Amino acid sequence: MKYLKYLTLIIFIVFVASCSKENDDDIIPPPEENTPSILPKKELRGVWVTTAWGIDWPMEEYNAGAQKQKYINYLDLLVENKMNAIFFQIRGMADAFYDSQYESWSKYITGTAGTKPSYDVLGFLVEEAHKRNIQFHAWLNPYRISTRANKNSSFPQLDPKIPAKLTKDYEKIRIYNPALPEVQTRITQIVKEIITKYDVDGIHMDDYFYPSLETSEKMNDDAEYDQYGKSQFNNIDDFRRNNVNVVIQNIQKTIIETRPDVIFSISPAANMDSNYNTLFADVKKWSKEGWVDVIIPQLYFATGTDVNSFNQRLDLWSQYIYENHFLVGYGIYKFGDPAYGSIFQSSDDLKKQFDFANTKSKVKGSVLYSVKYMVENKVGIMNVIRNVYKTPVLLPYLGRSVTEKPNTPTNIQINGSNISWNGVQDAYYAIYKDNGINQIASLVGITKETTFKLNERGTYFVTALNKKNAESDLSESVTY
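FYI, in our numbering the residues of the sequence shown are 2 to 481.
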């Protein structure tokens, strides 16, 4: 009898437990206290600053104080318009904006080639950019040494640091000879010197590789092909492309070995056929092989449907972005210039260009050519730029492989109107306002400090970012 009672009791307990289990499945657990918010899109917003011929800087201003102020004015213009990167030409004519063992000081700084300025130019440029959380990309031309009006004119005197045997002259341009192994090594060493001496965030090259010659002249490199290429390549064009490939590969290899956080970017001309067959720059291969971290094609066209329109060129280039990253180069210099036709006589098409690029998921930002046209603001282009860049953004991660996130900031506190947190080593910070579940958070500040003044009530959280712009997980939220 006792046995039956115990058996009945056990069956009852199992039944109750079973019912409880079923009911548990219907219970919705309370939401986690720190539900992740949707973070806003990251974006590079940059501008080119041309120093060859003093176009953007220093504009034939050879006083150090005036030069510094002009540069600071440019940076302030970028900050005002929520931009975050500058591509500054520090070596446009085999000259240097820093103390180099390979080439002499640029004439565009003091007015006289080889004359040392009174301040550390590149050090100043980098430091002032970083003070404002602006990324600094050191822009250099690999081969160009000097130019002249025509073959009846003279080239400027060759820099004594540059061996004449490494150079080659054409009707309008003198270059480092791309076919020479010594030149290929020298260009790589110049990059290493820059990234070793200065805390630049990137090394950048534009579209100048082999020169685009006059129709009346030839490359005149048969002797180099016979010596260095005939045994390996079936034709001289492949030999030329390989000469440039070697430089591109070695630059990236040197960056990885020396300072792997440095970004390697190239802004090729928009015409792929011209790049490949005239400049001997096999950009598609560089992209596919991952030899270049960032491609920024110069899409200096109006919107439309023809083959040379902004839309068609952007679509074409986006097909050749693989594991690397894609930015768009905008030709703001054309707006307000009668030489470029009626469509550029208002700023309307610039807005259309930005709008179209914004529909492409691969596009991670924009670079404008060039800064002086922002200042001139012809046909009101700055109204478009201010509207496109109206909210602050973080720089995207542009590295070549997955990177570890920095640690998450801790001990988030509100003291008065200030939010503070415990710092993370070698990091800067983003402060976000939480706009609710499934809503995009607002980026309200970027700082290197561990405290930030809030301007409105709400719920906030913080993230840490490292030098590569990789972002941590979200911190705990606090309410102000």
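Where a beta carbon is used, it is the ideal one built from N, C-alpha and C, also for glycine. Model, not experiment: these values are computed from the prediction.
With a threshold of 16 other beta carbon atoms within 10 Å, Trp54 falls short and is exposed. Of all alpha-carbon atoms in Lys363, Tyr144, Asp207, Tyr374, the one lying nearest the alpha-carbon of Gly332 is that of Tyr374. DSSP places Ser319 in the uninterrupted alpha helix (DSSP H) bounded by 311 to 319. In the structure shown, Trp422 adopts extended strand secondary structure according to DSSP, grouped into three states. When DSSP states are grouped into helix, strand and coil, Gly124 belongs to the helix group. Excluding five sequence positions before and after Gly124, the CB atoms of its chain that fall closer than 8 Å to its own CB belong to Tyr99, Tyr199, given in chain order. Between Lys42 and Pro59, the C-beta spacing is not below 9 Å.
Rounded to the nearest whole angstrom, the C-alpha separation of Val192 and Ile204 is 8 Å. By the CB criterion at 9 Å, Asn151 and Glu172 fall inside the cutoff. As summarised for the region 77 to 150, the continuous beta strand (DSSP E) elements at least 3 residues long and confined to that stretch are 86 to 92, 136 to 141, 145 to 148, given in chain order.
Closest in alpha carbon position to Glu324, among Ile344, Phe357, Ser347, Val364, is Val364.
Rounded to the nearest whole angstrom, the CA to CA distance from Thr304 to Phe311 is 5 Å. For Asn412, the three-state secondary structure derived from DSSP is strand.
The alpha-carbon separation between Thr480 and Ile382 amounts to approximately 39 Å. In the three-state reduction of the DSSP assignment, Gln354 falls in the helix class. Counting C-beta pairs with one atom in each stretch, the region 94 to 114 and the region 390 to 405 have fewer than three that are closer than 8 Å, which means they do not touch. Taking one beta carbon from each stretch, the region 130 to 144 and the region 203 to 221 have 3 or more pairs nearer than 8 Å; the two touch.
One alpha carbon belongs to Asn246, the other to Ile176, and they sit about 17 Å apart. By the neighbour-count definition (other C-beta atoms within 10 Å, threshold 16), Val376 is an exposed residue. In the structure shown, Phe265 adopts extended strand secondary structure according to DSSP, grouped into three states.
Straight through space, the alpha carbons of Ile91 and Ile110 are spaced by roughly 11 Å. Residue Val389 holds the alpha-carbon nearest to the alpha-carbon of Lys353 among Gly342, Leu475, Val389. Per DSSP, reduced to three states, the secondary structure at Gln299 is strand. Around the beta carbon of Gly342, fewer than 16 other beta carbons sit within 10 angstroms, so the residue counts as exposed. In the structure shown, Asp239 falls within a helical segment according to DSSP collapsed to helix, strand and coil. In the structure shown, Glu472 adopts extended strand secondary structure according to DSSP, grouped into three states.
Every beta strand (DSSP E) stretch that sits fully inside the region 154 to 230 and reaches 3 residues is listed by chain position as 168 to 170, 174 to 177, 203 to 206. A check of alpha carbon separations from Tyr334 across Lys289, Gly66, Val380 identifies Val380 as the nearest. Within the same chain, Cβ atoms closer than 6 Å to the Cβ of Asn134 are found at Ile447, the five residues on either side in sequence being excluded. For Thr279, the secondary structure class from DSSP, reduced to helix, strand or coil, is coil. Excluding residues up to 5 positions away in sequence, Asp96, Ala97, Ala114, Gly115, Asp160, Lys162 lie with their Cβ nearer than 7 Å to the Cβ of Ser105 in the same chain. Within the region 335 to 403, the complete alpha helix (DSSP H) runs of at least 4 residues fall at 349 to 358, 372 to 377, 382 to 389. In terms of Cβ geometry, Ile386 and Leu351 form a close pair [threshold 9 Å]. CA-CA distance, Gly230 to Phe302, rounds to 38 Å.
One alpha carbon belongs to Val263, the other to Ile249, and they sit about 14 Å apart. Annotated as distal: Tyr211 and Phe137, with beta-carbon spacing of 9 Å or more.
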